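Peer 1: Listed in order, the protein sequences are those of chains A and B.
When we follow my numbering, the leftmost residue of the first sequence carries the number 1, and every step to the right adds one.
When we follow my numbering, the leftmost residue of the second sequence carries the number 1001, and every step to the right adds one.
Here a beta-carbon is modelled for each residue, glycine too, at the ideal position from N, C-alpha and C.
Keep in mind the model is a prediction, meaning the values are calculated, not measured.
The following block contains the structure, expressed as structure tokens.
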Amino acid sequence: MKDFSLFRHLRGLPSWLPSLMLLGLMLLTPTAHAEAAAAVPVVVDKGDVAWMLTSTLLVLMMTVPGVALFYGGLVRSKNMLSVLMQVLTVFSMIVVLWVIYGYSFAFDAGNPFIGDAGKLFLKGVNSASLADTFTSNVKLPEFVFIVFQATFAGITGTLIVGSLAERMKFGAVLLFTALWFTFAYIPIAHMVWGPGGFMLTRGALDFAGGTVVHINAGIAGLVGAYLLGPRLGLGREAMRPHNLTFTMIGASLLWVGWFGFNAGSNLESNAGAALAFINTLVATAAAVLAWLLIERVFKGKPSMLGGASGAVAGLVAITPACGTVGPMGSIIIGAIASGVCVWGVSGLKKLLKADDALDVFGVHGVGGIAGALLTGVFTAPGLGGTGAADFSIIHQLGIQALGVLVTLVWSGVVSLLAYLLVRAVFGGLRVGEENEHQGLDITSHGEAAYEG
Amino acid sequence: MKLISCIIRPYKLDEVRDALTAAGVSGITVSEVRGFGRQKGHTELYRGAEYVVDFLPKLKLELVVDDSLLDAALEAVQQSAKTGSVGDGKIFISTVDQVIRIRTGELDADAL
Chain A
1 MKDFSLFRHL RGLPSWLPSL MLLGLMLLTP TAHAEAAAAV PVVVDKGDVA WMLTSTLLVL
61 MMTVPGVALF YGGLVRSKNM LSVLMQVLTV FSMIVVLWVI YGYSFAFDAG NPFIGDAGKL
121 FLKGVNSASL ADTFTSNVKL PEFVFIVFQA TFAGITGTLI VGSLAERMKF GAVLLFTALW
181 FTFAYIPIAH MVWGPGGFML TRGALDFAGG TVVHINAGIA GLVGAYLLGP RLGLGREAMR
241 PHNLTFTMIG ASLLWVGWFG FNAGSNLESN AGAALAFINT LVATAAAVLA WLLIERVFKG
301 KPSMLGGASG AVAGLVAITP ACGTVGPMGS IIIGAIASGV CVWGVSGLKK LLKADDALDV
361 FGVHGVGGIA GALLTGVFTA PGLGGTGAAD FSIIHQLGIQ ALGVLVTLVW SGVVSLLAYL
421 LVRAVFGGLR VGEENEHQGL DITSHGEAAY EG
Chain B
1001 MKLISCIIRP YKLDEVRDAL TAAGVSGITV SEVRGFGRQK GHTELYRGAE YVVDFLPKLK
1061 LELVVDDSLL DAALEAVQQS AKTGSVGDGK IFISTVDQVI RIRTGELDAD AL
């Protein structure tokens, strides 16, 4: 971060956007950059490498078992294994696709919307290859950056599973997430983080992936919920979560793992990581309290599921903001996120009339949008953020809104086409009625989570 | 011989069991059941979704007693299972034709 002014000058980017450089320096390799770096010896810091490998493991832990248990506890017991399976398999599949072609198309230089095929099959990457961090002469082994980003792609695919839960064919889930990863995740990751990316060059702030991960997955889930239709018996049968203890364990693993996700996105173990770290802690805590307070006031009783949902809402909302806002701003972002997400899973859900089974859009979509917009507010230096003195909230809000809109439309359209294609291939997205009644555990996987 | 089936509050099991034992009853069968009567269910709220739970968890006790023990057994259940609020449960009494102890082949009163 200490090199900000130097690089802002060299790159000729607007002076009110130092935070953008956090993202930009990571991957842009222009001549000016190379000349400046030549003056200082390149450093690969063992502390950075250790931190990034740890962060990568933390994001893996967020997914399996974090997301798996969080979602698993929310479905009925007859569908427990199907959810665990979908999360495990989608993650595994995307990680493989990531190293085959995902990394190249997301992070190799290309046009503003998609990268090049230059690193297909990780061509040319070896143990000596280096990737940029936010400090000009500090590098990471490229393998570290590749695996860190692999877990990001993987977890994003698994988030969608929550909307599709309890009724979709297993093969259809896999084919859809593969298509969506290819045509929605990769281009949006490139637009936000890739060299010359469409949103990056416009100055969109998305530190750890609020648009790339949460809005992206949220809208894909919502479109899926529309196309699948409601679960059989919705509104007549009780579809209670079968084990909120698992959901609590999952939410807790998510919270711990999210430090790898957010503070890891700093790419170096320094003060920038510490800022993301404290923000991830306090925003989440504020969101838990806010959700419980809202429940207590408007619904009567503060609930465990409410607390866990608040934690996830806060984590989602602080994701784009954690590198550029201050801790007090984080508290407000967390609290507001809970407020809008309570609406997302109740009022908005009724309005949308889609059976988004586990509220992926209500929490990740709505929380992601709130976080993206609020990042544009609380990055302001007057509000404790790291924005430059001439940071304009109105201007930044416009850019943030553009980022949200592009993600919603791009991912929404890609999702729609992908679901239609998958429906044609599989002759329908849903399992048969009888199988749905019996549960996907037995009928799709031939095993049961529990006795009886 | 009479079969006494009673539906009671789950947490009352130990008290009822002690009272019946004191009254001279030598065996009880217990099952976990769900049902509804005059006691209303409750509402559960999971995020935006509200579910009314009509069937509440109860325990069903089954015991067969000699006619001479019937009144004492009924009194024991009534005293021990009662809280005075709706949901205390019910007792059903019916006549039993025959009882056989499987191990020895003893019949009726000897088999109880």
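1) Grab me the residues of LEU358/A's own chain with a C-beta within less than 6 Å of its C-beta, minus the 5 sequence neighbours each way, in chain order.
2) For the stretch 1008-1022 of chain B, which residues have a beta carbon sitting closer than 9 Å to at least one beta carbon of chain A?
3) Can you give the Cα-Cα distance for GLY154/A and LYS1090/B, rounded to whole angstroms?
4) What separation, rounded to the nearest whole angstrom, lies between the Cα atoms of ILE186/A and MET93/A?
5) Within the same chain, show all residues whose beta-carbon is closer than 8 Å to that of LEU352/A, passing over the 5 residues directly before and after it, in chain order.
6) From VAL1070/B to ILE1102/B, what distance separates their C-alpha atoms?
7) Within 8 Å (strictly less), CB to CB, does ASP355/A reach chain B?
8) Taking CB distances under 8 Å as the criterion, tell me whether LEU1056/B reaches chain A.
9) Can you tell me which of the three DSSP states LYS1012/B falls into?
10) Note down, in chain order, every chain B residue with its Cβ under 7 Å from the Cβ of PRO230/A.
11) Which class does SER1094/B belong to by DSSP, given the choice of helix, strand or coil?
12) What three-state label does DSSP hand CYS322/A in the structure shown?
13) Which residue's Cα is closest to the Cα of CYS341/A: ALA204/A, ASP356/A and VAL363/A?
14) Tell me whether the stretch 56-71 of chain A and the stretch 132-139 of chain A touch, counting them as touching only if at least three CB pairs, one residue from each stretch, are closer than 8 Å.
15) If you reduce the DSSP assignment to three classes, tell me which class HIS242/A lands in.
16) Excluding the 5 residues preceding and the 5 following THR1029/B in the sequence, name in chain order all residues of the same chain whose CB lies nearer than 6 Å to its CB.
17) Do ALA372/A and GLN400/A count as a contact pair if the criterion is CB distance below 8 Å?
18) Along the stretch 1071-1086 of chain B, what residues have a CB closer than 8 Å to any CB found in chain A?
19) Where GLU1015/B and ILE294/A are concerned, what is the direct C-alpha to C-alpha distance, given to the nearest angstrom?
20) Decide if the stretch 372-391 of chain A is in contact with the stretch 254-265 of chain A; the criterion is three or more beta carbon pairs, one per stretch, under 8 Å apart.
21) Who are the neighbours of GLU980/B on chain A, taking C-beta pairs under 7 Å?
22) If we cut at 8 Å on Cβ distances, does GLY1048/B have a partner in chain A?
23) Does DSSP put ILE442/A in a helix, a strand or coil?
24) Between the beta-carbon of HIS157/A and the beta-carbon of THR182/A, is there less than 8 Å?
25) Could one say the Cβ of GLU1106/B lies closer than 8 Å to chain A's Cβ atoms, at least one of them?
26) Excluding the 5 residues flanking ILE1004/B on each side, which residues of the same chain have their C-beta closer than 8 Å to its C-beta?
27) Examine the ligand SAH and report whether any of its heavy atoms sits within less than 7 Å of the Cβ of GLY382/A.
28) Is the CB of GLU1044/B under 8 Å away from at least one CB in chain A?
29) In whole angstroms, give me the CA-to-CA distance for LEU122/A and TYR103/A.
30) Beta-carbon separation of ARG240/A and GLU1044/B under 8 Å?
31) Are there 16 or more other CB atoms within 10 angstroms of the CB of ALA335/A, so buried, or fewer, so exposed?
32) Would you report the Cα separation of VAL413/A and TYR450/A, rounded to the nearest angstrom?
33) When you compare the CB of LYS299/A with every CB in chain B, is at least one pair closer than 8 Å?
34) When burial is assigned at 16 or more other CB atoms within 10 Å of the CB, is VAL1086/B buried or exposed?
35) Against chain C, with Cβ distances strictly below 8 Å, would LEU305/A count as a contact?
36) For THR1029/B, which residues does DSSP report across the bridge?
Peer 2: With the given structure in hand:
1) Cβ neighbours of LEU358/A within its own chain (closer than 6 Å, five residues either side excluded): TYR71, LEU74, GLY162 and ALA165.
2) Contacts with chain A (Cβ-Cβ distance below 9 Å) from the stretch 1008-1022 of chain B involve no residue at all.
3) Cα-Cα distance, rounded: 56 Å.
4) Looking at the two C-alpha atoms, the distance is approximately 14 Å.
5) Around LEU352/A: LEU222 and PHE361.
6) As written in the sequence, residue 1070/B is Leu, which differs from the Val given in the question. Rounded to whole angstroms, LEU1070/B and ILE1102/B show a C-alpha spacing of 24 Å.
7) Chain B, which has no Cβ nearer than 8 Å to the Cβ of ASP355/A, makes this no.
8) LEU1056/B does not count as touching chain A.
9) LYS1012/B falls in the helix class under three-state DSSP.
10) Per Cβ cutoff of 7 Å: no residues; PRO230/A is ~12 Å from chain B at best.
11) Strand at SER1094/B.
12) DSSP, read as helix, strand or coil, puts CYS322/A in coil.
13) Closest option to CYS341/A, Cα to Cα, is VAL363/A.
14) Output reads no: the stretch 132-139 of chain A does not touch the stretch 56-71 of chain A.
15) Residue state, collapsed to three classes: coil.
16) Here the set comprises GLU1062.
17) Taking 8 Å as the cut-off, the beta carbon of GLN400/A is found closer than this to the beta carbon of ALA372/A.
18) Legend: CB atoms of the stretch 1071-1086 of chain B lying less than 8 Å from CB atoms of chain A are not found in any residue.
19) Near 41 Å, if we compare the C-alpha coordinates of ILE294/A and GLU1015/B.
20) As far as the Cβ criterion goes, the stretch 372-391 of chain A does not touch the stretch 254-265 of chain A, which means the pair count is below three.
21) This structure leaves residue 980/B out entirely; chain B is present only between 1001 and 1112.
22) Chain A, which has a Cβ nearer than 8 Å to the Cβ of GLY1048/B, makes this yes.
23) The answer is helix: DSSP assigns ILE442/A an H, G or I state.
24) His is not the amino acid found at residue 157/A; the sequence shown has Gly there. No, these two residues do not count as a Cβ contact at 8 Å.
25) Not closer than 8 Å to any Cβ of chain A, the Cβ of GLU1106/B fails to qualify, so no.
26) LEU1061, GLU1062, LEU1063, VAL1064, VAL1065, LEU1070, ALA1073, LEU1074, VAL1077, ILE1091, PHE1092 and ILE1093, listed in sequence order.
27) Absent from the structure shown: the ligand SAH. Ligands present: none.
28) Yes, GLU1044/B counts as interfacial toward chain A.
29) Cα to Cα, LEU122/A sits roughly 8 Å from TYR103/A.
30) Remark: C-beta atoms of ARG240/A and GLU1044/B approach each other more closely than 8 Å.
31) So ALA335/A ends up on the buried side.
32) So the alpha carbons of these two residues sit roughly 39 Å apart.
33) Using a CB distance cut-off of 8 Å, LYS299/A counts as an interface residue toward chain B.
34) Around the beta carbon of VAL1086/B, a 10 Å sphere encloses fewer than 16 other beta carbons of the protein chains shown; the residue is thus reported as exposed.
35) Absent from the structure is chain C; the protein chains it does hold are A and B.
36) For THR1029/B, which the question treats as bridged, DSSP gives the partners GLU1062/B.
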